[in-house]
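See structure below.
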Amino acid sequence: MTKKSEIKSSSGNRLNRREVLGAAATVAAAGVFASGARGQAPAMMSSYKPRVVAANNGHRLKNEKGETGVEIAYRMLTEGADVLDATIACVNLPENSTEDSSVGYGGLPDANGDVTLDACCMHGPLKRAGGVCFIQGVKAPSHVAKDVMMKTNHHLLAGQGATDFARANGHEIVGDLNSEYSFKQYLEWRARVEKEGDNRTFAELSPEFIDQKGFEVAYQMAKEGLISMDHLHGTINCNAINHKGEICGNTTTSGRSFKVPGRVGDSPILGAGLYVDNEVGAAGSTGLGEMNLYHLCSYLIVEKMRDGMHPKDAGMFALNRVKDSSINNPRYVNDKGEIAFNLQFYILDKKNQYAGVSMRGAKDHYFAVADENGGRHEVMESIFWDD
């Protein structure tokens, strides 16, 4: 009979109590070490999945390698790049291309024919942010926003001061950001607005008339296919998380097409066009910025995720708040009694969850995603659906 102090090994040899306890201690220590390693979330054992979430135009244009914006950003994440740099690389494609008239170079101009741009970035791990608004002459304001974040103690620089800051930091300043296409559409829009104004000269029209009638004219041009419906309000937002759980985001825009000169929307405003909390997640927007500004929806969405909501539910919560405050205002409602404007949010959290939500949607109304399954478009969850 085997003594209690002895146990046979797999080879048949007897082990005494001291050897058994020593082996057990070794196993226990290994377990504690492994547990501690998981708690520190090293890259090789991380539970965070690198992912990029962006507006629709983050997965349209391609670089010389055939990569879309979100695909570029995802590759950079897997190569160890800073998360903010990855998101900026995503939005740089449309910013620097005249094929996208919603942001940057070739963005649709204001009512005077001038292209004015806004941008904002937030760096979750650094807990810092930067932005520019009403900047002119810079093709990619997302880079200038990062410089504001890294090189000053300010968040937001505006107008000529923002342009001067960009120049001082080595950014190329060009005389006119209009493309041949964007200026052609501006001239068409202006002629139609003047006609609606009983052929008064453009200088004789009031800002109120230009604001109201000008948007109606722009909307009609979009229905005719002269400009993209998506580009009436412009903008691209991009948010991302890496394998360490580091979260960053940025939003950049040329603003509402043919806007009243001087108008700044939600894109460069923290809590509206973008909000990032590295412990929770990120949210950014496109669409009618004024309706977002009234409710600081990106901040609201992140706070709802902090309370445990899924990104989709948090986004729909914000959209419903906007809907409830607007549904009785004839200015914002169509002939069906539905909200007429659009507002979209692009959201991810630290639980490997993400969503794209929209006030108005359609079967071909997408947002962009890139992760281990590749770059793709996914249909947005919406409150109202178009045919």
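Quick note on my numbering: the sequence shown kicks off at 1 and runs consecutively. Here a beta-carbon is modelled for each residue, glycine too, at the ideal position from N, C-alpha and C.
In the three-state reduction of the DSSP assignment, Val70 falls in the helix class, which pools H, G and I. With distances taken between CA atoms, Ala111 lies nearest to Ser254 out of Ile327, Leu348, Gln344, Ser254.
Of the candidates Gly265, His243, Gly175, Gly175 places its Cα closest to the Cα of Val138. In the three-state reduction of the DSSP assignment, Ile210 falls in the helix class, which pools H, G and I.
When Cβ pairs closer than 8 Å are counted between the two stretches, the stretch 310-319 is seen to touch the stretch 350-366, the count reaching three or more. Assigned with DSSP and collapsed to three states, Ala55 falls in coil, not helix or strand. Judged by their CB atoms, Ser182 and Gly106 are nearer to each other than the 8 Å cut-off.
Collapsing the DSSP output to three states places His123 in a strand. Around the beta-carbon of Trp385, fewer than 16 other beta-carbon atoms lie within 10 Å, marking it exposed. Closest by C-alpha distance to Tyr48, out of Ser228, Asn242, Ile236, is Asn242. In the structure shown, the three-state DSSP call for Ala368 is strand. Residues of the same chain with a CB within less than 8 Å of the CB of Ser285, apart from the 5 flanking positions on each side, are Thr235, Asn237, Thr251, Asp266, Ser267, Ala272, Gly273, Leu274, Asn292, Cys297, Ser298, Leu343, Gln344, Phe345, Tyr346 in chain order. Within the stretch 123-199, the alpha helix (DSSP H) runs of at least 4 residues that lie entirely inside it are, in chain order, 141-151, 159-168, 180-196. By the Cβ criterion, the stretch 187-197 is in contact with the stretch 210-220, since at least three pairs of Cβ atoms, one from each stretch, lie closer than 8 Å.
Straight through space, the alpha carbons of His233 and Ala145 are spaced by roughly 20 Å. With contacts defined by Cβ atoms closer than 8 Å, Ala55 and Ala73 do not form a contacting pair. Judged by their CB atoms, Leu108 and Phe209 are not nearer to each other than the 8 Å cut-off.
In the structure shown, Glu378 falls within a strand segment according to DSSP collapsed to helix, strand and coil. Excluding sequence positions up to five before and after Asp307, its CB lies less than 6 Å from no other CB in the same chain. DSSP, read as helix, strand or coil, puts Ser325 in helix. Taking one beta carbon from each stretch, the stretch 327-338 and the stretch 224-232 have fewer than 3 pairs nearer than 8 Å; the two do not touch. The beta-carbon distance between Val70 and Ala370, rounded to whole angstroms, is 4 Å. This is short enough to meet the 8 Å contact definition.
Taking C-beta separations shorter than 8 Å and ignoring five residues to either side along the sequence, the partners of Tyr332 in its chain run Met291, Ser326, Ile339, Ala340, Phe341, following chain order. A straight line joining the alpha-carbon of Ser102 with that of Asn373 spans about 28 Å.
With contacts defined as CB atoms closer than 8 Å, Lys312 and Glu381 qualify as a contacting pair. For Pro94, the number of other beta carbons within 10 angstroms of its own is at least 16, and it is reported as buried. The criterion of a C-beta distance shorter than 8 Å is satisfied by Lys350 and Gly281. Our two residues, Gly214 and Gln136, have alpha carbons roughly 22 Å apart in a direct line. For Asp85, the enclosing alpha helix (DSSP H) begins and ends at 83-95.
Taken through DSSP and simplified to helix, strand or coil, Lys65 comes out as coil.
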